[in-house]
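What follows is a short report on a single structure.
Number of protein chains: 2
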Amino acid sequence: MSDKPPAPSAGLRRDMEILELLAGHGDDRDADGFGVSWIAQRLDREKSQVSRALRALELEGMVERDPVTRRYRLGWRLFALAARTQHSRLVQVAAPFLRRLTVAFDEEAYLCVLRGNQVLTLLSMPSSRVYHRVWEGVSVPVIMAAAGRALLAEWEDERVRQLLRAVLPSGLEGAVAGEREWLADLAHVRSAGYAVSDIELDDSSAGVSAPVRDHRGLITAAISVAVTRTAARERLHEMGAVVAETARELSAALGLKPAAAEAGYRSGQPSG
Amino acid sequence: MSDKPPAPSAGLRRDMEILELLAGHGDDRDADGFGVSWIAQRLDREKSQVSRALRALELEGMVERDPVTRRYRLGWRLFALAARTQHSRLVQVAAPFLRRLTVAFDEEAYLCVLRGNQVLTLLSMPSSRVYHRVWEGVSVPVIMAAAGRALLAEWEDERVRQLLRAVLPSGLEGAVAGEREWLADLAHVRSAGYAVSDIELDDSSAGVSAPVRDHRGLITAAISVAVTRTAARERLHEMGAVVAETARELSAALGLKPAAAEAGYRSGQPSG
DNA sequence: CTGTTTTGTTGCGATAGTTGCACCTAAATT
DNA sequence: AATTTAGGTGCAACTATCGCAACAAAACAG
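Protein chains in written order, with full-length UniProt numbering: chain A, 1 to 272; chain B, 1 to 272.
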């Protein structure tokens, strides 16, 4: 009477677990997919259940089975659906702008959105110098990337505090100071139009980031540039201005009418 | 007693129908998503069912709800999963090569794979001249695009005939002639390394296409260039040679060792 | 090539999640 | 304020799924 709180949409949850598992660590060694037994064990479920689920998923094109190894991988349907996402549209429009940045600075550029407490990278544009890791579809905590500051720039202070408290290991002594610093950073974004952070997606690079607005003037994305070499602080701010201007142009390309640019200020979104 | 042939994985099918519906016609007017009732009616299902399904899908990030309009759209999770697809990796590697083509010819370039009887476009690289329609995630029948010929180039004749018969409106008088012509086209791909077609993705342009091979030497994708202006036949073949060379380089970038280039010949895949 | 182990699939009764209806709330519309 | 429409919920009936175990098929080993 205590241990069976109903589990609605259990099927979907299982399917998603499978897909997430197939998505893998993103590493490459698992490129040839996974077998039924391995998945079943990893998920602590019945082989039969996994077998049947995978067959159904394959029928829908969500996964596909290597004809020779008989292992499963993520399927084409995911690609087709994702292409119809609004995120995809955003990526399409943003790509040329990011490219411009990579050309100008010869540093990697990213397009990110906020997803809960995480910053999700939608697009990573490599610089000419290195074939860097692909960050697309990868999430990092908001507190890390400069993009996090750009994305939260116009949240109400109280909501920012809440989020920080939820994310930071609570009880940390420096938390209060960190909060204050964060709020100051956000104020800087509002006034200067860009954020600067010592850490970007990975910890080997600093970053600058600027907010991108949709047609209503709400911040919905951020452009970042990761500076891999230890550049002078001055140069970071120099780049920041350029990134901010690029973000503004991208916003315009997304349909932002100049008048609306200020309208979104402080409007926030419903707490979701 | 006659109308209840078991419906396994009915839940998944319903979810996929919903997602497909949300994916929409790809048009833009539906950018702000769809409401529960509309979806329920369109799918001929109970409102409650759709409501619950959408809530579950939202929990998994497969769809997201506009906080203000309360309408549903495809969600970020699709993007994140798709980014981990092998198709995505292919797109990443191929993008610079396609870009080179668009720069060289100032025409649009595509990366396509075969999916059943259809050619699925994974990447469309716009030329500088027009902001053309985005073809990513869109499928067209094999018989249309030049890419279809490139992708089938090394199938056994018999399998090609079967596929053509399945696709073509059967009973057509010209079918036999069409078959012969097709097989000749495929032979041309094998000898010259590229295909030429009067129709590319849309019917306003001709196209050239060349096969891309994976590390085993099997044809797994195709690069195409759509020629929008009515160019001289000569120029098409000129471009074909370049596209073929680019496809070869891309294959190498994908790990194809020169030795394996011929190994894949005629090996075909299990009929899937 | 034959025996053995591992991996994947299927049948079937019991279980448990889903269905559909009616009802309800909230928001838009008049 | 009244009416219409969209979206969500409670609950009993239903039916798809679960898990077990037996089976089939590869992979492996000798």
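Positions of the beta carbon are idealized from the N, C-alpha and C atoms, including for glycine. What you are looking at is a predicted structure, and each value in this text was computed from that prediction instead of being measured.
(request) May I ask you to report which of helix, strand or coil DSSP gives residue 18 of chain A? (result) Residue 18 of chain A falls in the helix class under three-state DSSP.
(request) Run down chain B in chain order and give the residues with a C-beta less than 8 Å from the C-beta of residue 106 of chain A. (result) The contact set of residue 106 of chain A on chain B, defined by CB atoms closer than 8 Å, is empty, because the minimum CB distance reaches about 15 Å.
(request) Starting from residue 227 of chain B, follow its DSSP beta bridges and name the residues at the other end. (result) BP columns for residue 227 of chain B point to B:206.
(request) Name, in chain order, the residues that DSSP records as bridge partners for residue 140 of chain B. (result) BP columns for residue 140 of chain B point to B:119.
(message) If you follow the beta strand (DSSP E) that residue 52 of chain A is in, where does it begin and where does it stop?
(response) In the DSSP assignment, residue 52 of chain A falls outside any beta strand (DSSP E) and lies within the alpha helix (DSSP H) extending over 47-59.
(request) Determine the contact status of residue 186 of chain A and residue 178 of chain A, defining contact as a CB-CB distance below 8 Å. (result) Cβ atoms of residue 186 of chain A and residue 178 of chain A: not closer than 8 Å.
(message) Any beta carbon from chain A within less than 8 Å of residue 15 of chain B's own beta carbon?
(response) With a threshold of 8 Å between beta carbons, residue 15 of chain B makes contact with chain A.
(message) Let me make sure I understand the geometry here. Which of B:240, B:61, B:249 and B:76 has the alpha-carbon closest to that of residue 281 of chain B?
(response) It is not possible to answer for residue 281 of chain B, since the shown part of chain B is limited to 1 through 272.
(message) Measuring CB atoms only, is the segment 69-89 of chain B touching the segment 54-61 of chain B, in the sense that at least three cross pairs come out at less than 8 Å?
(response) Yes, they touch.
(request) Assign residue 145 of chain A to one of three DSSP states: helix, strand, or coil. (result) Coil, per DSSP.
(message) Less than 8 Å between CB atoms is the rule here; does residue 85 of chain B satisfy it with respect to chain A?
(response) Yes - at least one Cβ of chain A is within 8 Å of the one on residue 85 of chain B.
(request) Return helix, strand or coil for residue 197 of chain B, following the three-state DSSP convention. (result) Here residue 197 of chain B sits in strand by DSSP.
(request) Please list the partners that residue 150 of chain A has in chain B, where partner means a Cβ-to-Cβ separation under 9 Å. (result) Against chain B, the beta carbon of residue 150 of chain A has no neighbour under 9 Å; the closest one sits roughly 18 Å away.
(message) Could you compute how far the alpha carbon of residue 108 of chain B sits from the alpha carbon of residue 228 of chain B?
(response) The alpha-carbon atoms of residue 108 of chain B and residue 228 of chain B are separated by roughly 8 Å.
(message) Taking its Cβ as the centre, do 16 or more other Cβ atoms sit within 10 Å of residue 87 of chain B, making it buried, or is it exposed?
(response) Residue 87 of chain B is buried by the Cβ-count criterion.
(message) Judging by CA-CA distance, which residue of A:89, A:53, A:81 and A:11 is the nearest neighbour of residue 214 of chain A?
(response) The candidate whose alpha carbon is nearest that of residue 214 of chain A is A:89.
(message) According to DSSP, simplified to helix, strand and coil, what is residue 279 of chain B?
(response) Because chain B is modelled from 1 through 272, residue 279 of chain B falls outside the range shown and cannot be assessed.
(request) Could you tell me whether the segment 47-58 of chain A touches the segment 104-120 of chain B, using the rule of 3 or more Cβ pairs below 8 Å? (result) The way I'd put it, the segment 47-58 of chain A doesn't touch the segment 104-120 of chain B; fewer than three beta-carbon pairs between them come closer than 8 Å.
(request) Name, going along the chain, the residues of the segment 111-136 of chain B whose beta-carbon falls closer than 8 Å to a beta-carbon of chain A. (result) Listed by position along the chain: 113, 115, 120, 122, 134 and 136.
(message) Does any residue of chain B have a CB that is nearer than 8 Å to the CB of residue 255 of chain A?
(response) It does not; no Cβ of chain B falls within 8 Å.
(message) To the nearest angstrom, how far is the alpha carbon of residue 225 of chain A from that of residue 207 of chain A?
(response) The C-alpha of residue 207 of chain A is placed about 5 Å away from the C-alpha of residue 225 of chain A.
(message) I believe residue 222 of chain A touches residue 151 of chain A by the beta-carbon criterion, under 8 Å. Please report the beta-carbon distance rounded to the nearest angstrom.
(response) Confirmed, Cβ separation roughly 5 Å.
(request) Would you kindly work out how many angstroms separate the C-alpha atoms of residue 212 of chain B and residue 234 of chain B, rounded to a whole number? (result) Cα-Cα distance, rounded: 23 Å.
(request) Anything in chain A within Cβ reach of residue 9 of chain B, meaning under 7 Å, just list it in chain order. (result) Residues of chain A passing the Cβ test: 56.
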